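Numbering-wise (UniProt numbering), the sequence shown opens with residue 1 and increments by one.
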Amino acid sequence: MATPHINAEPTDFAPAVLMPGDPRRAQRIAESVLESPRLVNDVRGMLGFTGTYQGKPLSVMGSGMGQPSFSIYATELFSQFGVERIIRVGTAGGIGEDVKVGDVVIATGAHTDSAMNQLRIPGVSFSAVADFRLAMAAYQAGVEAELGDRLHAGTIISRDHFYFTPEGQTDRLAHYGTLCVEMEAAALYGVAAEFGKQALAVLTISDHLLDHSADMDASERETRFQDSLQLALAAALS
Ligand code: HPA
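Listed below in structure tokens is the structure:
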């Protein structure tokens, strides 16, 4: 039984799904880490694959950019395809002074300027937080990989705008210990809470908002991405 955005059978997805923003990255992850990957979705080119990793079933699918896109896929995967945990693997712009290009951020919580979670519980500021056990598994993997001070865990912000930022907002976020900015995690955490499922975002810092001197080019993004992928895989199979 297909959904409006996923033309797969109900059993086509593994209980754990890794979700990068870019469907081509989903394909590269599937081809590099999955044993016998098979294509399970191609609606709108949002490629999704299922195979096994270290003998356990695992799926990888693109999410597209932004919270509305992520929410559509997360909702359909959790509600119609038996998915139990979604781990976003993506890039983010550094905000915190200690966060450097190439570092890995485990997003334990996500502020947002989006209205999507505001609508969830009338009169309440929804707390968009990661599943604690998934975060712990990813952090443990980062410690074992000896990432040292390249490993961070804490709050991030999921913004709706990529190109527009209210004056002074980034400085205030930095003051409050916000590590980095991306565009999806808060929505993922909201949808996971709605369906009683598990979610986590593991992010690679691809550029820094307060210092552009070390921003990565496309090929560097791909290589440095491997660290966060390893942490996400550890969380997915924990
Ligand atoms: N803003 C939003 N998303 C991002 C950024 C950014 O600066 N860098 C990587 N993803």
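Ideal Cβ positions, reconstructed from N, Cα and C, are used throughout, including at glycine. Only a predicted model underlies this, so the values are computations on that prediction, with no experimental measurement involved.
Cβ-Cβ distance between residue i and residue j below 7 Å
i, j, result
"A26", "G66", "no"
"I205", "G94", "yes"
"L200", "A235", "yes"
"A107", "N117", "no"
"E35", "T52", "yes"
"V105", "L179", "yes"
"residue 239", "G45", "This structure cannot settle anything about residue 239, because the visible part of the chain is limited to 1 through 238."
"T50", "V43", "no"
"S219", "A137", "no"
"P20", "V89", "yes"
"Y189", "A110", "yes"
"K197", "F78", "yes"
"S114", "D171", "no"
"R120", "F126", "yes"
Among the options, the one whose alpha carbon lies nearest that of residue i
i, options, result
"A130", "T155, R150, V124", "T155"
"F70", "P166, H5, A145", "H5"
"A14", "S228, A30, R24", "A30"
"A145", "D12, V124, A232, V99", "A232"
"A74", "A186, S219, A214, L119", "A186"
"V202", "L229, E194, A110", "L229"
"D227", "V143, P68, M136, R133", "V143"
"G102", "T91, P10, P20", "T91"
"L209", "H152, G190, Q169, P122", "Q169"
"D149", "R120, K100, A115, G190", "K100"
"F162", "A138, V124, D207", "D207"
"H152", "F78, D217, Q140", "Q140"
"I87", "A192, M216, I72", "A192"
"N7", "T223, T112, G64, G48", "G48"
"G64", "M183, D217, A214", "M183"
"F225", "V17, P166, R133, S32", "S32"
"E84", "L58, P68, V181", "L58"
"I72", "E194, A135, V124, V181", "E194"
"D211", "T112, D98, T3", "D98"
"I157", "V181, E167, T165", "V181"
"T223", "S213, D12, L18, R28", "R28"
"T165", "D215, T112, A214", "T112"
Contact test: residue i Cβ vs ligand 1 heavy atom, cutoff 6 Å
i, result
"S206", "yes"
"F162", "yes"
"A92", "yes"
"M216", "no"
"E182", "yes"
Which residues DSSP lists as bridging residue i, in chain order
i, result
"V105", "H152, L203"
"L58", "G51"
"L39", "F49"
"T3", "I6"
"V33", "V33 pairs with nothing; no bridge assigned."
"H208", "G94"
Checklist entry - In chain order, which beta strand (DSSP E) runs of at least 3 residues are fully inside the stretch 5-30? => result 16-19
Item to check | Complete beta strand (DSSP E) runs within the stretch 133-199 (minimum length 3 residues, chain order) | outcome: 151-158, 180-182
Checklist entry - Which full runs of the beta strand (DSSP E) of 3+ residues lie inside the stretch 78-125, going along the chain? => result 85-94, 104-112
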